[in-house]
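The structure appears right after this line, and notes come after that.
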Amino acid sequence: MNVKTTITLPENYLRYAEKMVEEGVFPSVSSVVEAGLEKMMHDDQASDPLTGMADEIRRRMELPRDQWIPWDGDGIAGRVKEKLKAKYEK
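Going by this note's numbering, the letters in the sequence shown line up with residues 19 to 108, in that order.
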């Protein structure tokens, strides 16, 4: 559902939006503003660490199995602990 509203933009923003419409990139100034808001909403989701982690896991799951890193449980945990210890002892 679209809702009509009125906004105030700095002149340089309005000129840029109008230029985008003139060049045929967007059909209207409203569409330019909508695209900017859509990008900000997407960027907020992308900056969420859990979303980023889920995306990375999905990406890695698509790799061929011969490229997977073997899981050796205690060995990995030990290496992580060593790296953290070294990092925080400096």
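The beta-carbon is built from N, C-alpha and C at its ideal position, and this holds for glycine as well. Since this is a predicted model, take the numbers as computed values, not measurements.
N- and C-terminal bounds of the alpha helix (DSSP H) containing Pro67 | Looking up residue 67 in the sequence shown gives position 49. Counting along the chain, the alpha helix (DSSP H) containing Pro67 begins and ends at 67 to 79.
Rank Pro67, Glu80, Val47 by C-alpha distance to the C-alpha of Glu29 and give the top, closest one.
-> The residue labelled residue 29 in the question sits at position 11 within the sequence shown. The option with the nearest alpha carbon to Glu29 is Val47.
Arg78 and Trp86 closer than 9 Å at C-beta | Residue mapping note: residue 78 aligns to position 60 of the sequence shown, counting from 1. Residue mapping note: residue 86 aligns to position 68 of the sequence shown, counting from 1. In contact: Arg78 and Trp86 (Cβ atoms closer than 9 Å).
Pick out whichever of Leu81, Lys37, Val51 has its Cα sitting closest to the Cα of Thr23.
-> Locating residue 23 in the sequence shown gives position 5, where the first residue counts as 1. The shortest Cα separation from Thr23 among Leu81, Lys37, Val51 belongs to Val51.
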